[in-house]
Amino acid sequence: MSAIDADTAAPVLKASDYKSDVKPVWCPGCGDFSVLSAITKALAELGIPPHEAVVASGIGCSSRIPAYTTVYGFHSVHGRALPVASGIKLARPELTVLAAGGDGDGFSIGGNHFIHACRRNVDMTYIVMDNAVYGMTKGQASPTTEPDWTASKLTPDGPGISAFQPLEMALSAGAQFIARGFTANPNTLAHLICQAIRHPGFSLVQVLSPCITYRPEQRAYKNRVHQHFGHPEPATDRREAFARLMDDDGFSLGVLYKGSQPVYQPAPAPSATPEEVAAQFAIC
Amino acid sequence: MSAIDADTAAPVLKASDYKSDVKPVWCPGCGDFSVLSAITKALAELGIPPHEAVVASGIGCSSRIPAYTTVYGFHSVHGRALPVASGIKLARPELTVLAAGGDGDGFSIGGNHFIHACRRNVDMTYIVMDNAVYGMTKGQASPTTEPDWTASKLTPDGPGISAFQPLEMALSAGAQFIARGFTANPNTLAHLICQAIRHPGFSLVQVLSPCITYRPEQRAYKNRVHQHFGHPEPATDRREAFARLMDDDGFSLGVLYKGSQPVYQPAPAPSATPEEVAAQFAIC
Amino acid sequence: MSNPSVSIALTGSGGAGVMTAGQMLLTAAARAGCYGLMSRSLGPQIRGGESAALLRLSTAPVDGPDDIFDLLLAFDWGNIDRFAAELPLNENSVVIYDPGQGPVPEVVREPGPRLVQVPLKEIAKGIPGGRENMVGLGLITTLIGLDAASLRQVIEERLGRKGAEAVDTSWQAVEAGAEAATVDGLPRLDQASPAAPGSRWQISGNDAVGLGALRGGVRFVAAYPITPATEILEWMAVNLPKVGGALVQCEDELASVCMALGGSYAGVPSMTATAGPGLALMTEAIGLGVASETPVVIANVMRGGPSTGIPTKSEQSDLNIACYGLHGDAPHIVTAPTSIADCVFTAQWTVYLAEALQCPAILLSDQAMGQAQAVIEKPAEVAFIGRRKVARPADLENYQRYRITADGISPVALPGMPGGQHTADGLEHAPSGTPSTQAAHHQEQLDKRRRKLDRFDYGDHWAIRAGDPEAELALITFGSLTGAARDAVTRCAEAGLPVRLIAPRLLLPVQVERLEAALAGATKLLIVEQNHEAQLRHLLAGHIRLPAVVDSLNRAGPLTIRPGEIVSALTTLAA
Amino acid sequence: MSNPSVSIALTGSGGAGVMTAGQMLLTAAARAGCYGLMSRSLGPQIRGGESAALLRLSTAPVDGPDDIFDLLLAFDWGNIDRFAAELPLNENSVVIYDPGQGPVPEVVREPGPRLVQVPLKEIAKGIPGGRENMVGLGLITTLIGLDAASLRQVIEERLGRKGAEAVDTSWQAVEAGAEAATVDGLPRLDQASPAAPGSRWQISGNDAVGLGALRGGVRFVAAYPITPATEILEWMAVNLPKVGGALVQCEDELASVCMALGGSYAGVPSMTATAGPGLALMTEAIGLGVASETPVVIANVMRGGPSTGIPTKSEQSDLNIACYGLHGDAPHIVTAPTSIADCVFTAQWTVYLAEALQCPAILLSDQAMGQAQAVIEKPAEVAFIGRRKVARPADLENYQRYRITADGISPVALPGMPGGQHTADGLEHAPSGTPSTQAAHHQEQLDKRRRKLDRFDYGDHWAIRAGDPEAELALITFGSLTGAARDAVTRCAEAGLPVRLIAPRLLLPVQVERLEAALAGATKLLIVEQNHEAQLRHLLAGHIRLPAVVDSLNRAGPLTIRPGEIVSALTTLAA
Ligand SMILES: Cc1ncc(C[n+]2csc(CCOP(=O)(O)OP(=O)(O)O)c2C)c(N)n1
Ligand SMILES: Cc1ncc(C[n+]2csc(CCOP(=O)(O)OP(=O)(O)O)c2C)c(N)n1
Ligand code: SF4
Ligand code: SF4
Ligand SMILES: [Mg+2]
Ligand SMILES: [Mg+2]
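Residue numbers (this note's numbering), protein chains in the order written: chain A, 17 to 300; chain B, 17 to 300; chain C, 36 to 610; chain D, 36 to 610.
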């Protein structure tokens with residue numbers, strides 16, 4: 017991550033330098049606008065030149081985010097933001113890599129990649145814009161939807177199964193930086209994202225990002241969120257982190273856990289030419 | 017589960033009634049033989065007639081198990097044992113449904129179905145024969161393989177990522193019966209499987225099942241296993257279960273956790289004919 | 036005689052209420068005894084953004100769009116450039132627009148339509164609580180001569196629960212619009228006599244697929260939402276429980292198709308619905324259905340591809356993956372309904388085929404059909420008999436799940452049947468189901484799985500045919516283009532050019548003999564399809580002897596292929 | 036002149052050491068200056084169980100199997116019924132067996148081979164520590180006239196580290212076997228002169244694909260194991276790091292193909308390898324590669340299908356899914372190496388094509404090629420230039436990722452290049468990359484993605500051609516059957532029947548003009564392929580004008596199609 021070395025004499029970058037002029041397809045008032053702001057602020061604060069950052073995403077309202085930034089982007093297929101982002105980072109470790117998308121993308125169809133990315137611990141940051149709904153397909157239940165939410169025709173009696181707990185899953189799966197943010201204040205969120213990017217290894221930031229169209233009641237999130245998971249400092253011990261999660265109401269904000277498992281990054285030192293390698297097949 | 021009503025006057029069934037005459041492809045000494053025995057013993061003990069039970073599996077050495085029983089079986093595709101089993105149970109709630117397979121099948125390619133099956137809580141029992149290796153494809157690392165296991169050419173320096181914790185993941189994902197068994201004693205294992213089948217909702221039994229061909233060192237499991245997760249009785253509270261898991265060395269045997277979330281089983285009561293339903297389209 | 040109809044486009048963004056107006060217009064027309072079709076064109080925004088309701092109304096049944104719009108009513112011009120190509124106009128078209136919304140954009144002006152200003156917003160403002168879309172409705176119904184009473188009835192039904200005042204306000208707006216209807220020369224609907232109550236339906240293609248599947252016996256659905264297939268699933272989620280069935284929302288398409296296979300293995304006819312990206316994820320498990328001989332229906336509603344493509348727009352480009360997308364030698368069934376009305380029949384037939392043949396069946400619908408509403412004759416109730424061949428007691432003695440039979444179909448034991456226990460397997464197997472790597476077992480199972488599809492009698496349902504069966508000029512198309520093709524054939528006939536039309540409902544197995552017989556004597560063939568690579572043409576050329584001269588009229592979405600284009604292509608080919 | 040060679044099958048179960056003996060025999064033959072091929076047939080058991088080493092040795096290069104086995108050496112008869120069909124014998128064949136292992140089974144006896152008893156086990160017992168497979172080796176090398184010194188050398192290399200005693204014991208067993216070699220009339224290898232050191236290679240098809248990809252520039256591999264492709268991945272895991280590359284084991288194939296796309300997007304040529312079931316899971320993301328124009332190579336090693344099928348046996352039945360398995364209109368590249376030696380070239384070329392065309396490329400190998408070892412001429416080092424067209428400074432001014440260009444190829448900016456920022460997208464897009472639902476954008480991007488494949492000059496590499504290019508009789512095949520086809524053409528020529536052979540290395544885009552030119556003047560065509568549905572035939576018929584008379588010789592796996600069968604089919608067709 018040479019790009020964020022403090023002593024690089026790069027021109028000072030502003031958040032607006034990271035915002036493209038593509039008009040978002042989002043509904044006016046969608047929480048994702050704040051996430052976009054926060055990401056741009058974070059990149060500016062870290063001083064990462066736009067061409068040295070990449071955002072990979074899946075499919076969904078939230079997954080449209082790459083094109084709204086001025087960094088490199090890969091808007092991939094539904095559920096695959098994390099493998100795409102991992103490939104980018106593993107192939108080009110010097111890049112700053114973010115993955116971004118929705119709760120459906122990340123926890124439903126992308127659930128397997130989510131748990132294995134937590135384990136694999138590639139140095140990247142995953143921002144999930146969690147609105148507890150499939151916005152893009154017009155309002156079905158996602159894994160984080162409450163079991164008794166009956167507003168979707170697909171599950172007219174409610175999904176009927178208990179909601180997916182992103183932070184708990186991430187902790188069990190082995191993630192090393194786990195945080196929750198909210199869209200009300202892009203500056204606070206930007207700060208959280210900065211920490212996540214700075215943390216070596218895989219970082220998860222679950223952002224409560226209201227869908228004002230299909231979950232208008234989420235406007236009330238702002239009354240429910242509160243600081244900390246019971247303690248101002250992140251836990252650095254998994255046992256403690258689990259304990260704090262047991263008391264979490266889903267609206268605690270901040271960093272839950274910071275671990276220090278080694279980052280996964282194969283770093284081969286080339287020592288041979290392909291023809292030297294091929295010599296193994298020679299009959300002598 | 018009418019089939020296991022105690023007062024059904026069915027002929028007495030023996031474990032051998034559940035063993036087919038198809039010769040397993042397994043290596044002599046493979047742990048999976050014990051799992052097969054244990055399943056047949058459990059079904060006999062529960063008195064479930066062979067035609068009222070179904071075992072669905074994925075692909076792998078362990079996933080070959082259905083054909084070695086005399087119950088109905090579906091040997092499906094790699095990683096999909098759980099959705100297949102869920103479909104069977106949801107369509108025919110009166111059947112006793114088991115899903116079975118390996119750690120690769122269940123936690124690698126099938127990881128997403130695993131976590132969502134834990135949440136969905138369909139009444140079935142999932143038996144994972146965990147040998148911390150891909151046996152069928154000749155010995156690659158699986159999610160439960162230790163990071164420093166260097167015996168596979170695919171990961172000659174070891175997989176390098178921390179092992180998947182099946183019980184912790186199941187607990188986070190919302191499973192309601194979570195246990196670990198071992199192959200040394202098929203009777204003990206059968207007893208565990210009986211409890212799992214009896215428990216309403218989704219039950220996970222992780223069975224430490226040595227692969228004597230690609231992980232011959234697992235013969236030493238027998239020296240490492242021990243009773244209980246620190247307490248003879250299962251936890252019934254998630255907080256307590258997490259606490260016990262924090263002290264688990266991966267070789268505690270028995271039932272970790274029993275919860276009581278409602279079982280997922282849509283039970284529609286037919287009230288209309290298709291033509292009555294069609295009347296909604298009529299222009300009148 | 037070619038179809039006398041009126042085609043109307045309503046455009047506007049966000050709050051203009053274009054879709055509501057379109058819906059009400061269609062229903063009012065239906066009430067008045069007309070047939071009709073309404074499709075929608077939407078912008079990429081999730082909510083709001085530009086939208087267009089595209090209608091064709093007629094006193095005769097309509098299966099597809101006309102060449103041009105007789106009337107374009109523009110509430111505003113928001114982003115019109117993005118979709119103007121979907122709204123063909125000519126010098127006979129009338130464009131009514133609100134002068135308060137700025138000048139008529141060049142793309143609209145260019146084909147030379149008559150331009151008429153009506154201050155819709157202003158008129159609406161004149162009525163407290165009045166809305167411009169109601170003004171528009173009044174304007175249109177008057178212009179095309181639609182019975183006002185029908186519209187009144189629709190308004191009462193829609194707004195009745197908001198109270199009499201709401202109805203009155205709307206009706207005032209309608210009347211104000213009617214007064215502004217001073218344009219002349221627009222086609223008017225013939226006087227239709229209202230149909231007998233219940234004899235006609237208003238239904239979307241997606242709902243129709245759901246209903247057909249339900250009629251066909253589907254009682255278990257595993258679902259993952261995707262545009263433009265979600266409505267099939269939503270309709271079934273609401274309606275299946277009424278008949279004792281259930282729908283489960285899954286974590287992804289890998290799960291949904293596998294759950295459906297599980298439900299089906301358990302003996303309950305099962306299905307899922309998806310679109311291209313989801314179908315791609317399902318092909319491995321569909322192959323499992325082939326090998327394990329487990330019936331399952333996959334309704335695939337096609338949209339613009341490749342990859343995520345254009346999710347909201349129609350295209351017929353999933354033919355390749357539907358027919359050839361499974362690995363290994365994996366014969367299966369692919370069907371395509373030929374109209375919204377036919378969605379009911381084809382879905383029911385597809386379930387029947389899957390069950391009878393113990394084989395996965397992919398039904399190919401598309402966005403143009405799936406998300407459009409049509410007013411149609413009530414589809415006949417068809418009774419397909421011969422469901423899944425379930426093992427009888429004699430079969431259960433030394434039961435062999437994959438017994439080699441003359442027709443390739445082996446009796447299947449369902450869980451719960453004593454003595455029928457077996458393991459359904461995706462590994463190649465001996466007749467017993469036991470896995471086998473032997474060449475002879477592989478060969479006999481491959482033969483059997485193909486034979487059951489080849490020997491089955493699909494009857495007349497394999498295709499829709501129209502026009503002159505002896506004509507030298509043949510036309511083949513499929514799916515939602517069948518309506519336009521039918522119109523084209525009628526027009527050609529009126530112009531003295533006989534054409535035979537064949538629209539296969541059964542795309543796979545390719546009906547080699549039937550197609551060749553249907554083409555016998557034809558010297559020229561036009562193949563019409565809505566994709567870039569001429570997928571149907573290559574599929575047919577790969578399997579059957581085609582006439583000496585073959586031409587393609589193919590174009591990717593979203594622009595549909597209209598009857599006039601087909602007429603031109605046929606005329607050119609005939610020359 | 037047709038290939039004078041000796042074909043040997045070694046069979047036995049579990050501990051017989053059949054594979055070791057086969058490997059040593061091949062290497063010894065190579066040392067002695069021979070060429071050779073060894074494939075394996077394995078039972079379904081994970082370890083132990085029946086196995087057969089199938090060799091063909093010759094002083095001329097060998098690309099495929101012969102019609103029959105000259106010699107079958109059976110250490111035992113375990114489960115021989117299961118795979119006897121893979122071991123064709125006739126009355127000229129010699130079967131040497133251990134009388135202690137029971138009578139010769141009927142399936143072996145039936146074709147009438149000479150039966151010779153040699154008490155292999157007993158002989159081995161006579162030497163303390165002696166093993167029967169070494170006795171067998173001594174027997175065979177003597178019978179076929181292979182230089183004993185080469186075998187000695189191989190034994191020393193293999194067992195040297197176990198000490199001189201181990202070598203001696205083995206050698207005694209070899210000599211004991213040689214003494215028992217009293218059968219006559221077996222074909223003997225011509226005296227070969229050892230090749231210059233390093234001028235020949237011993238390599239498997241899977242390793243060869245790995246090496247070719249590495250030569251082609253692949254430096255990032257994302258892997259999920261599957262039979263029979265795993266060895267490609269294992270070879271790369273070990274060898275990639277040596278040249279600065281890396282392999283990552285993924286959670287599934289959805290992840291592996293997407294990680295490879297990520298690596299490639301980042302600028303590093305990337306690949307994965309899989310077999311049918313994995314390929315099926317990858318098609319959605321391969322479509323993303325098409326739409327986003329991200330190169331990626333997928334090596335697919337075919338095995339028996341459908342579904343899990345017969346994982347350990349060869350078949351060529353993934354042609355359909357490889358060519359047509361993506362949803363939407365998704366033109367891409369499909370290649371097939373024509374021999375083990377050609378795996379190196381074709382893999383390298385495939386990487387080159389994917390990179391040059393910014394497009395996914397599927398390389399179709401198969402189990403027969405992938406898991407077989409061959410002794411071959413060292414493959415030439417080929418230098419393909421013209422890699423990915425990376426944006427130059429001029430391109431980066433108002434950079435448009437998907438700029439419309441004459442050749443359809445748009446310069447790509449890689450992360451790290453200032454000014455090149457864009458979002459690669461699977462949604463249809465304007466040239467800038469911004470998503471678009473407009474018909475015109477869709478059309479121009481579809482045109483461009485097809486155009487880049489059509490306009491590219493594939494040169495002479497598109498196919499292997501042999502025989503008489505003017506012959507009236509043409510033969511088309513692909514992949515691992517090319518060797519047998521080549522043998523057949525040589526034999527036909529010797530018998531006075533000229534045949535032209537075309538084995539396309541480039542299967543997609545179908546080379547319409549080139550194929551038609553190569554077939555010009557041919558009146559009859561035989562298409563040979565190892566699958567049940569004649570997939571290649573339908574692919575070709577769907578795209579090109581074929582000669583008036585077309586016949587198929589196709590059969591599913593595991594039985595390969597042998598030269599003699601092709602000769603018969605050609606002869607019948609010619610008559
Ligand atoms: C393979 C596949 N399946 C389904 C879809 C349809 N689809 C698009 S976005 C989406 C869900 C999006 O939900 P989420 O990730 O929560 O994003 P949001 O729109 O709420 O931001 C679905 C199901 C798809 N594009 N691809
Ligand atoms: C889609 C797909 N990918 C890969 C494979 C190859 N494969 C078969 S079994 C297996 C792993 C089995 O490991 P596990 O589930 O742990 O079972 P075990 O053999 O160890 O009992 C793999 C990767 C496959 N059959 N299908
Ligand atoms: S539908 Fe919801 S998530 Fe999507 S853009 Fe609108 S508010 Fe945001
Ligand atoms: S390879 Fe391992 S898991 Fe597979 S059968 Fe042999 S011992 Fe069992
Ligand atoms: Mg969401
Ligand atoms: Mg395993």
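Every residue, glycine too, gets a C-beta built ideally from N, C-alpha and C.
*Euclidean distance between Cα positions of GLN243 of chain B and GLY454 of chain C*: As a position in the second sequence, residue 243 of chain B is number 227, starting the count at 1. As a position in the third sequence, residue 454 of chain C is number 419, starting the count at 1. The straight-line gap from Cα to Cα measures roughly 40 Å.
_ligand 3 heavy atom lying under 7 Å from the CB of ASP48 of chain A_ = For the purposes of this step, residue 48 of chain A is identified with residue 32 of the first sequence, where counting begins at 1. It does: the Cβ of ASP48 of chain A is within 7 Å (strictly closer) of some heavy atom of ligand 3.
*Where VAL218 of chain C and LEU174 of chain C are concerned, what is the direct C-alpha to C-alpha distance, given to the nearest angstrom?*
Here the question's residue 218 of chain C lines up with position 183 in the third sequence. Here the question's residue 174 of chain C lines up with position 139 in the third sequence. Take the alpha-carbon of VAL218 of chain C and the one of LEU174 of chain C: they are about 10 Å apart.
*Please decide whether SER18 of chain B counts as near chain C, where near means a Cβ-Cβ distance under 8 Å.*
As a first step, residue 18 of chain B is located in the second sequence; it is residue number 2 there, counting from the start. With a pLDDT of only 39 at SER18 of chain B, under the threshold of 50, the placement of this residue in the model should not be trusted, and no figure is reported.
*Enumerate, from N- to C-terminal direction, the unbroken alpha helix (DSSP H) stretches of 4 or more residues contained entirely within the region 167-240 of chain B.*
Qualifying alpha helix (DSSP H) stretches, in chain order: 182-189, 202-214, 237-240.
*Contiguous alpha helix (DSSP H) assignments of at least 4 residues, all confined to the region 329-368 of chain C*: Counting whole runs of 4 or more residues, the region 329-368 of chain C contains the alpha helix (DSSP H) stretches 354-359.
*How would you list, in chain order, the residues of chain A whose beta-carbon sits under 8 Å from the beta-carbon of ALA272 of chain C?*
Working through the third sequence from its first residue, we reach residue 272 of chain C at position 237. Contacts between ALA272 of chain C and chain A, judged by CB atoms closer than 8 Å, involve LYS169, LEU170, THR171, PRO172 in chain order.
*To which residues of the same chain is CYS293 of chain C closer than 7 Å at the C-beta, ignoring the five residues directly before and after it?*
Counting from one through the third sequence, the residue named residue 293 of chain C turns up at place 258. Only residues of its own chain outside the window of five on either side were considered, and among them ALA320 have a CB closer than 7 Å to the CB of CYS293 of chain C, listed in chain order.
*What does ARG117 of chain C touch in chain D if you count any residue whose Cβ is under 9 Å from its own?*
Within the third sequence, the letter at position 82 stands for residue 117 of chain C. Those are SER471, THR472, GLN473, listed as they occur along chain D.
*Nearest to GLY84 of chain C by alpha carbon, out of C:ASN114, C:PRO134, C:ALA418?*
Within the third sequence, numbered from 1, the residue matching residue 84 of chain C stands at position 49. When only C-alpha atoms are compared, the closest one is C:ASN114.
*Do LEU394 of chain D and VAL325 of chain D have their C-beta atoms within less than 8 Å of each other?*
The sequence position of residue 394 of chain D within the fourth sequence is 359, counting from 1. The sequence position of residue 325 of chain D within the fourth sequence is 290, counting from 1. A small correction: the amino acid at residue 394 of chain D is Cys; Leu does not occupy that position in the sequence shown. If you check the CB distance, CYS394 of chain D and VAL325 of chain D come in under 8 Å.
_Can you look up GLY47 of chain C in the DSSP assignment and give me helix, strand or coil?_
Locating residue 47 of chain C in the third sequence gives position 12, where the first residue counts as 1. Reduced to three states, the DSSP call for GLY47 of chain C is strand.
*Does DSSP put LEU594 of chain C in a helix, in a strand, or in coil?*
Residue mapping note: residue 594 of chain C aligns to position 559 of the third sequence, counting from 1. Coil, per DSSP.
_8 Å CB neighbourhood of ASP21 of chain B in its chain, flanking five on each side removed_ = For this step, residue 21 of chain B is matched to residue 5 along the second sequence. Caution applies to ASP21 of chain B, whose pLDDT of 47 falls short of 50 and renders its modelled position unreliable; the value that the coordinates give is listed next. Correct list: empty, nothing qualifies.
*Using only alpha-carbon positions, find the residue among D:THR440, D:GLY251, D:GLU266 that is nearest to GLN480 of chain D.*
The residue labelled residue 480 of chain D in the question sits at position 445 within the fourth sequence. It is D:THR440.
*So with Cβ pairs under 8 Å, would you call ASP21 of chain A a contact of chain B?*
As a first step, residue 21 of chain A must be located in the first sequence, where it is residue number 5. With a pLDDT of 47 at ASP21 of chain A, under the threshold of 50, the modelled position of this residue cannot be trusted; read the value that follows with caution. Interface with chain B (8 Å Cβ-Cβ cutoff): ASP21 of chain A is excluded.
*What residue from B:ALA31, B:PRO290, B:ALA54 has the CA that sits closest to ALA243 of chain C's CA?*
Here the question's residue 243 of chain C lines up with position 208 in the third sequence. Nearest Cα to ALA243 of chain C within the set B:ALA31, B:PRO290, B:ALA54: B:PRO290.
*Where LYS105 of chain B falls, given that 16 or more other Cβ within 10 Å makes a residue buried*: As a first step, residue 105 of chain B is located in the second sequence; it is residue number 89 there, counting from the start. It is buried - the Cβ of LYS105 of chain B has at least 16 other Cβ atoms within 10 Å.
*Check the C-beta distance from VAL332 of chain C over to ALA248 of chain C and give it rounded, since I have them as a contact under 8 Å.*
Along the third sequence, read from residue 1 onward, the residue named residue 332 of chain C stands at position 297. Along the third sequence, read from residue 1 onward, the residue named residue 248 of chain C stands at position 213. Sure, about 6 Å apart at Cβ, within 8 Å.
*beta-carbon MET152 of chain B near ligand 2 non-hydrogen atom, thresh 7 Å*: Taking the first residue of the second sequence as position 1, residue 152 of chain B is located at position 136. Yes, since a heavy atom of ligand 2 falls inside the 7 Å radius drawn around the Cβ of MET152 of chain B.
*Check distances from the C-beta atoms of the region 109-137 of chain D to those of chain C and list, in chain order, the residues that come in under 9 Å.*
Cβ contacts with chain C come from ASP116, ARG117, PHE118, ALA120, GLU121.
*Could you tell me which residues DSSP puts in a beta bridge with GLN136 of chain C?*
By 1-based counting over the third sequence, the position of residue 136 of chain C is 101. Assignment of beta-bridge partners to GLN136 of chain C by DSSP yields no partner.
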